[in-house]
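Read through the structure below, which is laid out as structure tokens, and then see the notes.
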Amino acid sequence: MPPNRLRRGDFVVEKNGDALKTLERRPNGVFVSRPDAVDAELRKLFDLQKERIKNEPYFPVGGELEVMRAAYYANLPIILKGPTGIAKSTLVANFAVMMGLPMEKVPGEQNISTSNSIGSVIPLEVEGMGVTMVYKDGPVANFARSEKGALLYITEANKIEGGMLSAFHTITDYDRMLYILVTGEHIPLSPKSAVITDYNPLYKGGLENLSPAFLQRFVHITLEMPEQKKEQAIFEMKYGLRDRPGAPELGKRAPRKADKALIDALTKVAKDIRMGKDKNFDIIESPSPRLVDNAIKLVEQGLSPYYAVMHGLIQPLVDTLNGSYHAMLKVVDGFSTLLEGKP
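Put into structure tokens, the structure is as follows:
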């Protein structure tokens, strides 16, 4: 059977070179990829990723891996902020392997099309049926179809536009769903899947395409240039001049139930920041109840209250760790309940 011909029936097989992909037929007649076939392909991708990071390990500067672990188990999307060359991509690639997740990577370029990132319908000849329509998945749809879990990494969030931006909104909302209009599908993300994006706050244009409300969906991790001794140690480890630490343990922690004291402190911090917004804090937007909720979820996944409020409630309000950021941390210092885990 030629590569562009399909067997008739609800389940068909397409052969494209050495790749074998099974498809299933939607009620509207369009064929789409079956999740089991997607997971099989993603597993092959994961094996390649494991080999690649052997030459590009990530050496933590602070508690970023622990914050990412808690956000992952809380099903919260993550945004990494930092200048060019700070190792954002290296961090994500290593985190994906540590968590056992194959990674689909999408560049957040202004000219990237929905068909390139999510998927497109193409005509193919079906044996005994003539020409029919097959939906060819892009990396975003591949990620969404995975039932065993995958990681979607969208680089340069500040450049995302159009249809890709719409998809970005739906997969990071509470229901974590990808909508594909042409196939009539509403694909819920696996609870084992994660969405991570990044951006350089120094890049011209900033985050004009992304609303403050949208940015408050994310757990924010700001990566700064390491101080000289730390940077020296990182390069010594990378080039074999110093022993490397063992891989961190990023498994699920024993659940920690939020208590009244924690909720009381978090809501008071949010209130104090809202009251001071127009006077002392140069922040993007006042903290919403969503940020308070995100911080609670991080604590329930074993993150210390101090790191939870730092990454779940305060960092989403600023582009960089500026004077307003440190002023807001002083507000946190007034609540002993939230100081657990403070460096």
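Sequence positions in the sequence shown follow this note's numbering and run 2 to 344.
We put the CB at the ideal spot given by N, CA and C, even for glycine.
Computed from a predicted structure; not experimentally measured.
DSSP places glutamate 186 in the strand class (E or B) of the three-state scheme. Counting along the chain, tyrosine 154 sits inside the beta strand (DSSP E) bounded by residues 152-156. About 10 Å separates the beta carbons of arginine 245 and alanine 234, which is beyond the 8 Å limit, so they are not a contact pair. The beta carbons of alanine 151 and serine 194 sit closer together than 7 Å.
The Cβ atoms of proline 288 and isoleucine 274 lie closer than 7 Å to each other.
Distance from the CA atom of alanine 309 to the CA atom of aspartate 265, rounded to whole angstroms, is 15 Å. Taken through DSSP and simplified to helix, strand or coil, alanine 88 comes out as coil. Cβ-Cβ distances below 7 Å link valine 196 to Pro78, Leu153, Ile172 and Thr173 in the same chain, with the five nearest sequence neighbours on each side left out; the list follows chain order. Residue pairing for threonine 223: DSSP places it in a beta bridge opposite Lys82.
With a beta-carbon spacing of about 13 Å, proline 306 and threonine 268 fall beyond the 8 Å limit used to define contacts. Check the Cα spacing between threonine 198 and each of Tyr175, Gly139 and Leu166: the tightest is with Leu166. By the CB criterion at 7 Å, serine 121 and valine 107 fall outside the cutoff.
In this structure, Pro61 is the residue among Pro61, Asn159 and Ala38 with its C-alpha nearest to the C-alpha of phenylalanine 236. Arginine 146 is positioned such that its CB atom lies closer than 7 Å to that of proline 36.
In this chain, the alpha helix (DSSP H) harbouring aspartate 265 covers 261-277. Here DSSP, grouped into helix, strand and coil, assigns methionine 165 to helix.
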